[in-house]
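Student: The structure that follows is given in the form of structure tokens.
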Amino acid sequence: MESIPVEKVMTKNVITINPESSALDAAELMKENNIGSVVVVDKENHPIGILTTTDLMKRVTAENLRASDVKISDIMSKGIKTTAPDEELNEVSRRMSREGIKRLPVVKDGKLVGLITYRDILRISPEVIDILKEKMNEKEGPNYEGLLSDVCEVCGNYSEELVMVDGKWVCENCRDDV
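Laid out in structure tokens, this is it:
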């Protein structure tokens with residue numbers, strides 16, 4: 000199966016904010032756009048941090064600070080990890096799972112070009128599973144076992160070791176139940 004590059008799935012119109020803006024500005028931006036994070040960029044559109052609703056809750060609300068007085072640069076997560084638009088989606092998905100990352104800025108030539116989230120990946124998962132099922136039907140033998148990282152079709156949990164059993168991709172815990 001042909002690999003899928005991140006750029007085919009990523010969100011291209013990323014909501015960004017500058018580090019001198021206030022936490023209140025960020026909260027309003029997230030509310031207006033119904034999103035859970037904003038990427039913090041410098042004047043050249045280089046990502047320098049990320050701010051999530053959890054950051055706002057822990058670093059502003061829980062500290063009883065006034066959101067309009069708090070600069071984003073003081074509360075954002077710094078040293079963010081990024082990915083490239085041509086990186087393979089399965090590799091990015093594995094890395095996100097392994098490192099507990101929910102979203103990754105996509106960077107080309109040092110500039111922000113997109114954002115990939117677990118939601119983006121899960122959105123295409125059913126399509127990928129359908130393609131794999133079609134490929135499996137082309138193979139001889141009913142029990143072709145190829146490993147896949149995705150969501151188990153029985154319990155719905157994510158697994159990095161799904162196996163095809165009776166036409167369904169299942170995790171180790173559900174193999175005997177099928």
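Going by numbering that gives the first Met the number 0, 117 is the number at position 118 of the sequence shown; the sequence numbering is gapless.
Using N, Cα and C, we set each Cβ at its ideal position, and we do this for glycine too.
#1: Which partner residues of Glu-48 appear in the DSSP bridge assignment?
#2: How is the alpha helix (DSSP H) around Val-91 delimited, first residue to last?
#3: Go to Lys-30, then tell me how far its alpha helix (DSSP H) extends in each direction, as first and last residue.
#4: Which whole-angstrom value describes the C-beta separation of Ile-100 and Lys-80, a residue pair presumed to lie in contact below a C-beta threshold of 8 angstroms?
#5: Ignore the nearest five residues each way along the sequence and tell me which others in Arg-97's own chain have a CB closer than 7 angstroms to its CB.
#6: Using 8 angstroms as the Cβ pair cut-off and three pairs as the minimum, do the segment 80-90 and the segment 18-33 touch?
#7: Locate the beta strand (DSSP E) running through Leu-114, then write down its first and last residues.
#8: What residues in its chain sit with their C-beta under 6 angstroms from that of Val-106, if we drop five residues either side in the sequence?
#9: Start and end of the beta strand (DSSP E) containing Arg-102?
#10: DSSP puts Met-163 in a beta bridge; with which residues?
#11: Could you give the DSSP three-state label for Ser-67: helix, strand or coil?
#12: Would Gly-109 be called buried (16 or more neighbouring beta carbons within 10 Å of its own) or exposed?
#13: Can you say whether Thr-116 is buried or exposed, counting buried as having 16 or more other CB atoms within 10 angstroms of its CB?
#14: Output the distance between the C-alpha atoms of Pro-18 and Arg-118, rounded to the nearest integer angstrom.
#15: Report buried or exposed for Gly-113, applying the criterion of at least 16 other Cβ atoms within 10 angstroms of its Cβ.
#16: From the DSSP secondary-structure annotation, give me the bridge partner or partners of Pro-84.
#17: Have a look at Glu-43 and Ala-25 and give me their C-alpha separation to the nearest angstrom.
#18: Grab me the residues of Arg-174's own chain with a C-beta within less than 8 angstroms of its C-beta, minus the 5 sequence neighbours each way, in chain order.
#19: Hey, Leu-28 and Ile-14 are a contact pair by Cβ (cut 8 angstroms); roughly how many whole angstroms apart?
Tutor: Considering the structure as presented:
#1: As a first step, residue 48 is located in the sequence shown; it is residue number 49 there, counting from the start. Reading off the sequence, residue 48 comes out as Gly, not Glu. Paired residues: Val-39 and Lys-77.
#2: On the sequence shown, position 92 is the one that residue 91 refers to. Note, Val-91: alpha helix (DSSP H), 88-98.
#3: By 1-based counting over the sequence shown, the position of residue 30 is 31. Unbroken alpha helix (DSSP H) run through Lys-30: 22-32.
#4: As a first step, residue 100 must be located in the sequence shown, where it is residue number 101. As a first step, residue 80 must be located in the sequence shown, where it is residue number 81. The Cβ separation is near 6 angstroms, so the contact holds.
#5: In the sequence shown, the residue the question calls residue 97 occupies position 98. So no residue of the chain qualifies.
#6: no
#7: Your numbering for residue 114 matches position 115 in the sequence shown. Its beta strand (DSSP E) spans residues 110-116.
#8: The count along the sequence shown starts at 1 and reaches residue 106 at position 107. Here the set comprises Thr-81.
#9: By 1-based counting over the sequence shown, the position of residue 102 is 103. Segment 102-107, the beta strand (DSSP E) holding Arg-102.
#10: Residue numbering aside, residue 163 sits at position 164 when the sequence shown is read from its first letter. Met-163 is bridged to Trp-168.
#11: Translated into positions along the sequence shown, residue 67 becomes position 68. In the structure shown, Ser-67 sits in a helix (DSSP, three-state: H, G or I).
#12: In the sequence shown, residue 109 corresponds to position 110, counting from 1. That one is exposed.
#13: Within the sequence shown, the letter at position 117 stands for residue 116. By the 10 Å Cβ count, Thr-116 comes out buried.
#14: Here residue 18 is taken as the residue at index 19 of the sequence shown, counted from 1. Here residue 118 is taken as the residue at index 119 of the sequence shown, counted from 1. Their Cα atoms are separated by approximately 26 angstroms.
#15: Taking the first residue of the sequence shown as position 1, residue 113 is located at position 114. That one is buried.
#16: Position 85 of the sequence shown holds residue 84. Bridge partners of Pro-84: none, in fact.
#17: On the sequence shown, position 44 is the one that residue 43 refers to. On the sequence shown, position 26 is the one that residue 25 refers to. C-alpha separation (whole angstroms): 19 angstroms.
#18: Position 175 of the sequence shown, counted from the start, is the residue given in the question as residue 174. Within the same chain, Arg-174 has close Cβ partners Val-162 and Val-164.
#19: Within the sequence shown, residue 28 is the residue found at index 29, counting from 1. Within the sequence shown, residue 14 is the residue found at index 15, counting from 1. Contact holds; Cβ gap of about 6 angstroms.
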